[in-house]
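*Asks:* First residue of the sequence shown? That's 776 in this note's numbering, and the numbers climb one at a time after it.
Here it is, the structure in full.
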Amino acid sequence: MIGSSPQLAVVRADITTLAIDAIVNAANGSLLGGGGVDGAIHRAAGRELLAACEKLGGCATGDAKATPGFKLPAKWVFHAVGPVWNGGGHQEDARLAGCYRRCLELAREHACASVAFPAISTGVYRFPLERAAKIAVATVRETIAASGVTRVVFCSFNENAEEIYRDLLSAS
Ligand code: AR6
């Protein structure tokens, strides 16, 4: 684990393995599962997660909704819907920032002290990784104080993402 701030850290891990108050899912608007990290979370949490998601009625891009973690070590899952990258002129940055902001609001509502985020939108949705990571770190830095969260983990799935987050966290 590496990070210059006591509140923000980067880990390289499968997010489904983290024992933490809440993990964030990079979902789609249906909230009914998919590939990537979404598929991994649904597989690890078990069928009860899909049943809980079915009751949520979908979710807008830039927003997030909470369910329990069921069989996951995490207590909660915050299902965030990131934007599909479409060149940058379609409010992609603002919508991505909205995901991080909303998840920290959900953390406050559910009294979570620790939250782990994957790099939302940077897989199937093709958001450029470095640009996404900058937005992630900046938005968390802006909003963490109001959330009551004491620890945010940026969960990287590969070495490249880990290095990008490490550089961003070591910059003031
Ligand atoms: N743990 C942590 N990070 C992961 C994991 C994992 N187990 N698996 C993948 N990643 P993606 P998106 C990283 O494609 O771009 C789904 O079908 C991955 O390396 O999962 O937001 C949804 O249902 C990448 O950096 O999500 C949506 O339809 C990041 O997670 C759509 O994909 C996000 O990649 C959402 O696309």
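Here a beta-carbon is modelled for each residue, glycine too, at the ideal position from N, C-alpha and C.
Please read these numbers as outputs of a predicted model, since none were measured by experiment.
Going straight from the alpha carbon of L871 to that of I895, what length do you get?
*Replies:* 8 Å
*Asks:* I'd like to know whether the C-beta atoms of L879 and S922 end up nearer to each other than 7 Å.
*Replies:* For L879 and S922, yes; Cβs fall inside 7 Å.
*Asks:* Report all residues from its chain with a CB closer than 7 Å to the CB of T914; omit the five preceding and five following residues, and keep chain order.
*Replies:* A872, Y875 and R876
*Asks:* In this structure, how does DSSP classify C834 when only helix, strand and coil are distinguished?
*Replies:* Coil.
*Asks:* Within a Cβ cutoff of 6 Å, which residues of the same chain sit near E829, ignoring the five residues on either side of it in sequence?
*Replies:* none
*Asks:* Determine, using beta carbons only, whether V799 and F929 come nearer to each other than 7 Å.
*Replies:* Cβ distance not < 7 Å, so V799 and F929 don't count as in contact.
*Asks:* Is K909 close to chain D? Criterion is C-beta to C-beta, closer than 7 Å.
*Replies:* The structure shown has no chain D; it contains just one protein chain.
*Asks:* Would you mind sorting I777 into buried or exposed? The rule is 16 or more other CB atoms within 10 Å of its CB.
*Replies:* Note on I777: pLDDT 43, under 50, position unreliable in the model; no value is reported.
*Asks:* For E867, which residues in the same chain have their Cβ closer than 7 Å to its Cβ, ignoring the five residues on either side in sequence?
*Replies:* P858, W860, N861 and F902
*Asks:* Which residue's Cα is closest to the Cα of V912: E937, H865 and T836?
*Replies:* E937
*Asks:* At the level of alpha carbons, what is the spacing between N933 and G898?
*Replies:* Each residue's Cα considered, the two are about 12 Å apart.
*Asks:* Thinking C-alpha only, which one of L881, A920 and E905 is nearest A839?
*Replies:* L881
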